[in-house]
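Residue numbers (the UniProt record's numbering): 1 to 561. Structure, as structure tokens:
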Amino acid sequence: MRPKIADFVMTKIFGENQQKANTKKSEDMQYKRRIILNFPTLRLTDSQKKAYALIEIEKLMRQAGKSLRDYPDIELPNAAEIEELGNRLINEELNYDKDQLKDEHLAILNSLNTDQKKAFDAIMESINGGQGKQIFVEGYGGTGKTYLWKALTTKLRSEGKIVLAVASCGIAALLLQGGRTAHSRFRIPIKITEESTCEIKQGTHLAELLKRTSLILWDEAPMANKHCFEALDKSLRDIMRFTNENSSERPFGGMTVVLGGDFRQILPVIPKGRRENIVNASIKRSYLWNHFEIIKLTENMRLSCMSNEPLEKQKVAEFAKWILHIGDGASASDEGEEWVKIPSDILLQKGQDPKETIVKSIYPNLLDNYREREFLEERAILCPRNETVQEINEYIMNQIQREEMTYLSCDTVCKAMTNNSSMEHMYPTEFLNTLKFPGIPNHELKLKVGLPVMLLRNINQTAGLCNGTRMTITQLGKKYIEAQIITGTHVDDKILRSCGLFEAASSRSSFWEKLQLGEAPPNRAVAFSRVTNRNGLKVLIDDSDCPEENVARNIVYKEIF
Numbered sequence: 001m002r003p004k005i006a007d008f009v010m011t012k013i014f015g016e017n018q019q020k021a022n023t024k025k026s027e028d029m030q031y032k033r034r035i036i037l038n039f040p041t042l043r044l045t046d047s048q049k050k051a052y053a054l055i056e057i058e059k060l061m062r063q064a065g066k067s068l069r070d071y072p073d074i075e076l077p078n079a080a081e082i083e084e085l086g087n088r089l090i091n092e093e094l095n096y097d098k099d100q101l102k103d104e105h106l107a108i109l110n111s112l113n114t115d116q117k118k119a120f121d122a123i124m125e126s127i128n129g130g131q132g133k134q135i136f137v138e139g140y141g142g143t144g145k146t147y148l149w150k151a152l153t154t155k156l157r158s159e160g161k162i163v164l165a166v167a168s169c170g171i172a173a174l175l176l177q178g179g180r181t182a183h184s185r186f187r188i189p190i191k192i193t194e195e196s197t198c199e200i201k202q203g204t205h206l207a208e209l210l211k212r213t214s215l216i217l218w219d220e221a222p223m224a225n226k227h228c229f230e231a232l233d234k235s236l237r238d239i240m241r242f243t244n245e246n247s248s249e250r251p252f253g254g255m256t257v258v259l260g261g262d263f264r265q266i267l268p269v270i271p272k273g274r275r276e277n278i279v280n281a282s283i284k285r286s287y288l289w290n291h292f293e294i295i296k297l298t299e300n301m302r303l304s305c306m307s308n309e310p311l312e313k314q315k316v317a318e319f320a321k322w323i324l325h326i327g328d329g330a331s332a333s334d335e336g337e338e339w340v341k342i343p344s345d346i347l348l349q350k351g352q353d354p355k356e357t358i359v360k361s362i363y364p365n366l367l368d369n370y371r372e373r374e375f376l377e378e379r380a381i382l383c384p385r386n387e388t389v390q391e392i393n394e395y396i397m398n399q400i401q402r403e404e405m406t407y408l409s410c411d412t413v414c415k416a417m418t419n420n421s422s423m424e425h426m427y428p429t430e431f432l433n434t435l436k437f438p439g440i441p442n443h444e445l446k447l448k449v450g451l452p453v454m455l456l457r458n459i460n461q462t463a464g465l466c467n468g469t470r471m472t473i474t475q476l477g478k479k480y481i482e483a484q485i486i487t488g489t490h491v492d493d494k495i496l497r498s499c500g501l502f503e504a505a506s507s508r509s510s511f512w513e514k515l516q517l518g519e520a521p522p523n524r525a526v527a528f529s530r531v532t533n534r535n536g537l538k539v540l541i542d543d544s545d546c547p548e549e550n551v552a553r554n555i556v557y558k559e560i561f
């Protein structure tokens with residue numbers, strides 16, 4: 001009886017009502033896969049929907065002692081598509097609205113300038129021709145690197161191709177659609193050495209994702225240690241050997257890799273490293289550098305976005321040229337030290353209390369405006385030392401007359417250590433509480449509702465929570481802190497997390513209308529380029545070694561150019 005029932009069912013499903021049945025069953029499959037994969041926005045292609053529907057029908061048929069193979073006219077499910085659909089990493093990279101991206105790309109493509117179009121064409125030629133080139137796109141702030149990245153990602157993703165967009169830091173990754181930090185995406189070891197490789201094994205979902213990838217796009221590349229790129233190179237040569245037998249002989253396994261950035265800005269951080277250590281850690285000192293084709297972006301896109309007012313354009317052009325001059329270290333000595341003259345309209349006088357001068361300059365009428373998101377979003381104070389940041393934060397905290405909450409850390413000696421009892425006597429809790437470390441909140445963290453804070457960890461980049469995300473406190477509980485994001489791609493989102501205070505280097509990929517530099521940081525080009533116009537930049541110099549009151553020290557490593 002069961003085989004006859006199965007024949008009847010197959011006749012009804014794949015007879016006159018086949019198309020209608022397929023549609024209903026396919027939509028049901030998408031709903032079920034979203035639940036199973038915990039992926040609410042999952043989009044299946046028509047062929048994937050049909051494949052899953054046929055598998056479900058096959059299960060029912062086997063219960064009746066039959067199979068889809070008994071019906072020659074029926075197309076069997078594609079096993080490769082089913083296997084691929086189980087890879088969440090591939091799903092995420094293919095889960096874009098192709099029609100929307102196509103429209104975005106056409107709008108962007110028509111507005112690319114000559115330099116951008118040259119870079120775009122070279123990269124697309126490498127991808128479409130299977131050339132596997134390595135290209136470095138170099139350009140100072142405002143030349144449209146991020147705009148070029150968007151042109152590339154929208155083009156390729158609208159065609160169903162995979163682009164892995166990464167950056168050397170979390171806050172820069174937020175500027176890229178689907179962006180991640182390079183360490184997170186490629187599982188690059190934190191303690192990187194010349195022998196390091198990425199923690200990617202053959203046959204894993206990440207390895208399969210890399211095999212399907214058409215382009216790796218790495219922004220802010222000059223910040224990363226050369227060993228990070230070399231680790232990825234070695235791993236890709238191994239992973240890609242199953243798709244390209246010559247991969248072991250080609251840089252990055254024959255994949256097209258595009259790096260971008262500006263060597264005038266932050267170089268790799270080497271703790272307690274000397275100048276030669278920092279320069280030697282750059283990608284320019286890697287065996288890979290000779291394989292890269294250099295394409296330069298030179299046109300300032302900010303000028304083209306402005307009004308047609310000639311005087312205003314001239315001011316912006318002169319300001320951009322001044323910053324570029326500082327970044328190039330045009331007047332630096334052989335040792336790399338340069339004294340830069342700060343124009344009088346930018347320079348602030350210290351006065352009796354430098355902290356008061358700084359705060360009043362950047363946050364005028366603070367008590368009336370500190371609850372306004374836009375007021376906080378477009379302003380920042382950068383300092384080279386954490387101690388100065390702490391002093392300014394405490395000054396601002398004392399100005400706000402609201403209830404203060406104090407949060408304490410739990411400092412103890414690790415119980416897994418040998419001779420634990422003797423270690424506890426050597427390092428009592430009171431001593432541990434006094435220690436202060438870069439990138440970690442102090443033992444005592446004081447907060448008030450309405451004040452801005454900055455996240456110091458990459459918690460969840462897809463939710464916009466990374467090192468450098470700025471937020472304002474909305475609620476303070478005994479065991480939780482609620483904050484609202486005020487910058488980036490997730491503005492107004494609320495989270496429940498503990499947050500730390502900010503540091504100067506965390507501003508790397510943010511832009512402000514008003515920017516105050518307290519004790520002006522040694523790398524002037526990085527700091528000055530964070531402001532969108534000259535009128536919003538103010539500098540306060542507190543350096544007893546300065547030969548004059550209106551000059552500041554600028555450190556430039558010319559050999560990196």
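The beta carbon of each residue, even a glycine, is placed where N, CA and C say it ideally should be. As the structure is a computational prediction, the values presented were derived from the model and not from experiment.
Proximity of residue i and residue j at Cβ, strictly below 7 Å
i      : j      : result
GLY329 : VAL556 : yes
TYR407 : LEU445 : yes
GLU220 : ALA172 : yes
LYS296 : GLU138 : yes
GLN484 : THR474 : yes
GLY488 : GLY464 : yes
VAL539 : ILE216 : no
TYR218 : LEU259 : At residue 218 the sequence reads Trp, which differs from the Tyr that was named. Cβ distance < 7 Å, so TRP218 and LEU259 count as in contact.
ILE190 : CYS228 : no
LEU348 : GLN399 : no
LYS226 : SER286 : yes
VAL340 : ALA527 : no
ASP46  : GLU299 : no
LEU148 : ALA122 : no
CYS466 : GLY170 : yes
PHE136 : ILE294 : yes
TYR140 : LEU324 : yes
ARG34  : LEU44  : no
ILE486 : ARG373 : yes
LYS49  : GLN30  : yes
SER248 : ARG241 : yes
Neighbourhood of residue i by C-beta, 6 Å cutoff - its chain only, sequence neighbours within 5 removed
i           : result
ALA332      : The predicted model places ALA332 with a pLDDT of 48, which falls under 50 and marks its position as unreliable; any figure quoted below should be read in that light. Taken in chain order, the residues that qualify are GLU338, VAL556.
ASN442      : LYS436
TYR370      : GLY450
LEU209      : LEU89, ILE90
residue 562 : Outside the shown range of the chain (1 to 561) lies residue 562, about which nothing can therefore be said.
PHE375      : ASN369
Beta bridge counterpart(s) of residue i as assigned by DSSP
i           : result
PRO452      : THR472
residue 568 : Here the chain comprises residues numbered 1 to 561, so residue 568 is not present and cannot be evaluated.
ALA173      : Per DSSP, none; premise fails for ALA173.
PHE136      : LEU259, ILE294
TRP339      : ARG553
ARG180      : VAL166
GLU413      : It is Val, not Glu, that sits at residue 413 in the sequence shown. Answer by DSSP bridge pairing: none, since VAL413 is not bridged.
VAL316      : None; VAL316 has no bridge partner.
From the options, residue whose alpha carbon lies closest to that of residue i
i      : options                        : result
LEU94  : VAL316, ARG157, LYS133         : ARG157
MET301 : PRO222, MET223, ILE358, THR143 : THR143
PRO271 : ALA281, ILE541, GLN265, PHE263 : ALA281
PHE561 : LEU60, SER248, VAL279, SER422  : VAL279
LYS161 : LEU455, ARG212, ASN554, GLU404 : ARG212
GLU194 : ASP70, ILE35, THR434, GLU230   : GLU230
GLY327 : PHE263, MET397, VAL359         : PHE263
ASN110 : LYS150, ILE323, TYR96          : LYS150
GLU404 : VAL491, SER344, GLY253, LEU476 : LEU476
GLY129 : THR204, LYS284, SER214, VAL269 : SER214
Cβ-based neighbour list, residue i, same chain, cut-off 8 Å, excluding 5 preceding and 5 following
i      : result
THR429 : ASP411, THR412
GLU519 : Because GLU519 sits at a pLDDT of 48, beneath the cut-off of 50, its placement in the model cannot be relied upon, and the following sentence gives the value as read from the coordinates. Result list for GLU519: CYS383, PRO384, ARG385, THR388, LEU540, ILE541, ASP542, ASP543, in chain order.
ARG250 : GLY132, ARG237, ASN244
ARG187 : CYS198, GLU199, ILE200, LEU206
ILE346 : ARG534, LEU537, LYS538, VAL539
LEU76  : LEU54, LEU68, ARG69
HIS291 : GLN134, PRO251
PHE319 : ASN533, ARG534
Cβ shell of residue i (< 7 Å), same chain only, five flanking positions each side left out
i      : result
ARG180 : VAL166, ALA173, GLN461
LEU101 : THR154, ARG157, SER158
LYS355 : GLU391, ILE392, TYR395
Cβ-heavy atom distance, residue i to the ligand GDP, below 6 Å
i      : result
THR243 : This structure lacks the ligand GDP, and indeed carries no ligand of any kind.
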